[in-house]
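Numbering (the UniProt record's numbering), first residue to last: 1 to 133. The C-beta atom is built at its ideal place from N, Cα and C for all residues, glycine as well. Note that the coordinates shown come from a computational prediction; the quantities given were computed from them, not determined experimentally. A quick write-up on the structure given underneath.
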Ligand SMILES: [Zn+2]
């Protein structure tokens, strides 16, 4: 039927984020010129196209921006249905991750990050309900 869910590839732009997640840190690129935090990672700032991209450890807090429930099992072993949430971080960028909450997300609901090992020492951030620190 289907293959197992593949692990994320370690593209050069993603290594800092993936290694941070394994340490329990939400690492996000920030432009050294304009200070804009952005997502997805890129070698250039999406706002001013400067190349002095730095990384910061984000507080991992934000609010639910959008969400969807998947009913189809795309990969072997996927536990359906599952919820994917788009979070707007308090620092600005939107991240799309799996949802950890026991109930459906509510638009605008405050969320905090946690981390889950998805296999082979690879960890990913995910979000669930939680008040800002
Ligand atoms: Zn910039």
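- Ranking 131, 36, 126, 130 by CA distance to the CA of residue 82 puts 126 first.
- Straight-line measurement puts the Cα of residue 97 at about 6 angstroms from the Cα of residue 84.
- In this structure residue 91 touches residue 37 by the C-beta definition: roughly 4 angstroms separates them, less than 8 angstroms.
- Around the beta carbon of residue 7, a 10 Å sphere encloses fewer than 16 other beta carbons of the protein chains shown; the residue is thus reported as exposed.
- If you look at residue 58, you'll find it in the beta strand (DSSP E) that goes 53-58.
- For residue 113, the enclosing beta strand (DSSP E) has its first and last residue at 110-119.
- Taken through DSSP and simplified to helix, strand or coil, residue 37 comes out as strand.
- Under the criterion of beta carbons closer than 8 angstroms, residue 4 and residue 117 do not qualify as touching, at roughly 15 angstroms.
- Collapsing the DSSP output to three states places residue 26 in a strand.
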